[in-house]
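Have a look at the structure below, then the notes.
Numbering (full-length UniProt numbering), first residue to last: 1 to 241.
Right, here's the structure in full:
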């Protein structure tokens with residue numbers, strides 16, 4: 001045993017293990033002292049090695065070095081306003097899956113969306129009951145009721161389109177799906193349809209959250225400032241870290 005240390009009975013871990021090193025037949029404190037010294041050396045070495053080898057991520061301020069923070073007139077005229085990224089960053093653009101009126105996600109009457117628990121995004125009050133693919137990718141999930149679908153784009157974005165609140169209770173009524181789970185889809189492709197008036201008359205909202213569920217993998221998340229959009233109009237741009 002290292003330094004002649006032994007334990008003499010079963011016990012707990014951490015500081016609760018110290019009594020197990022009390023020698024009932026000799027110098028009661030010898031083993032405890034050796035264990036304490038070993039623990040102290042380990043802590044000091046860990047601290048020193050951390051100081052030497054730890055490297056923090058670059059501060060966000062350093063990322064902006066050399067970037068023109070004064071946008072050009074062309075950039076200011078962009079539908080995404082002052083949050084538009086420089087073209088050299090090659091932002092990923094997402095088309096609107098539904099035509100309608102843009103609503104901030106914070107106004108959705110479902111905390112899972114309004115509080116950002118599901119991810120970042122935008123909501124759309126539909127003016128047309130059609131759902132189209134916002135980008136090329138794979139339809140990775142599809143509720144049997146047709147009210148919600150998940151997409152993984154070719155660029156790695158994970159998207160959720162969720163028509164209405166509590167519309168799962170309609171059990172597929174007023175919804176029609178044109179694809180199946182696992183299908184490869186193309187931007188603008190018709191994925192499904194729904195009857196806006198019938199859903200509203202049944203007592204349900206059709207306000208549709210459009211969410212990037214893995215938004216933590218991306219930066220410079222920007223949403224359109226247009227009030228009304230058509231299917232395929234660019235409504236979200238973002239860059240991967």
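In this text, a Cβ means the ideal position worked out from N, Cα and C, and glycines have one as well.
*Run through DSSP, which three-state label would residue 45 get?*
helix
*For residue 218, does the count of other Cβ atoms within 10 angstroms reach 16, so buried, or fall short, so exposed?*
buried
*Can you find at least 3 beta carbon pairs, one from the segment 208-223 and one from the segment 167-179, that sit closer than 8 Å?*
no
*asked:* Is the beta carbon of residue 148 closer than 8 Å to that of residue 126?
replied: no
_Contact defined as beta carbons within less than 8 Å: I believe residue 165 pairs with residue 204. What is the distance between those atoms, to the nearest angstrom?_
7 Å
*Compare the Cα-Cα distances from residue 97 to each of 52, 107, 130 and report the closest residue.*
130
*asked:* Using 8 Å for Cβ pairs, my map puts residue 187 next to residue 133. What's the rounded Cβ distance?
replied: 5 Å
*Under the rule that 16 or more other beta-carbon atoms within 10 Å means buried, what is residue 135, buried or exposed?*
buried
_Am I right that residue 95 and residue 232 are in contact with their C-beta atoms under 8 Å? What's the rounded C-beta distance?_
4 Å
*asked:* Tell me which residues share the same chain as residue 61 and place their Cβ nearer than 8 Å to its Cβ, disregarding the 5 neighbours each side in the sequence.
replied: Because residue 61 sits at a pLDDT of 39, beneath the cut-off of 50, its placement in the model cannot be relied upon, and the following sentence gives the value as read from the coordinates. Result list for residue 61: empty, nothing under 8 Å.
*Residues in its own chain within less than 6 Å of residue 236 by CB, not counting five upstream and five downstream?*
94, 223
_Here's a check: name, in chain order, each residue in its chain whose Cβ is nearer than 6 Å to the Cβ of residue 158, leaving out the five neighbours to either side._
152, 213, 214
*Applying the criterion that 16 or more other CB atoms from any shown protein chain within 10 Å of the CB defines a buried residue, is residue 33 buried or exposed?*
exposed
*Could you pull the start and end residues of the beta strand (DSSP E) that residue 155 belongs to?*
First-last for residue 155: undefined, no H or E at that position.
*Would DSSP call residue 180 helix, strand or coil?*
coil
*C-alpha gap between residue 109 and residue 155, whole angstroms*: 30 Å
*Report the partner residues of residue 194 according to the DSSP bridge assignment.*
175
_Cβ-based burial, residue 31 [other Cβ within 10 Å; buried from 16]_ = buried
*What's the C-alpha gap between residue 114 and residue 163?*
15 Å
_According to DSSP, residue 141 sits in a beta bridge with which residue or residues?_
150
*What did DSSP end up calling residue 109 once you bin it into helix, strand or coil?*
coil
*Do you know how far the Cα of residue 182 is from the Cα of residue 190?*
15 Å
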